[in-house]
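A.B. asks: One structure coming up, written as structure tokens, with questions to follow.
As structure tokens, then:
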């Protein structure tokens, strides 16, 4: 759950982009039209949130990755998802969550 909260917050602040027609790799906007790859864990969560309807695919933009330039689709955070994320962030977490994470 913590990973989902983190990725939803990140999707609000960083702009995520999907590159590729079939595999749709997830990138994060850095400056202007430049993008960089996100960690594999973040990419997996973004795809799960897209499949579940918590994130949506937006319009097409031109982005630059190193020396390559091409189209990418933006990842949008709907208002309902943003509100849920804000609500979750103020809830107190059970103390067992921290213990479970350390032993795993």
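Residue numbers (the working numbering): 1105 to 1208.
All C-beta atoms, glycine included, are put in the ideal place defined by N, C-alpha and C.
From a predicted model like this one, the values you see are computed outputs, not experimental measurements.
1. From 1196, 1190, 1198, pick the residue whose C-alpha is nearest to that of residue 1113; which is it?
2. Kindly indicate the opening and closing residues of the alpha helix (DSSP H) around residue 1190.
3. Quick one: using the 10 Å Cβ neighbour count with 16 as the cut-off for buried, is residue 1117 buried or exposed?
4. Which value, in whole angstroms, describes the spacing of the CA atoms of residue 1167 and residue 1193?
5. Who are the near neighbours of residue 1160 in its chain, counting only those whose CB is closer than 7 Å to its CB and skipping five residues on each side?
6. Where does residue 1125 sit, in a helix, a strand or coil, going by DSSP?
7. Alpha carbon to alpha carbon, what distance is there between residue 1164 and residue 1124?
C.D. replies: Considering the structure as presented:
1. When only C-alpha atoms are compared, the closest one is 1190.
2. That run of the alpha helix (DSSP H) goes 1183-1194.
3. That one is exposed.
4. Cα-Cα distance, rounded: 32 Å.
5. Contacts found: 1180, 1182.
6. Note: residue 1125 maps to coil in three-state DSSP.
7. The alpha-carbon atoms of residue 1124 and residue 1164 are separated by roughly 11 Å.
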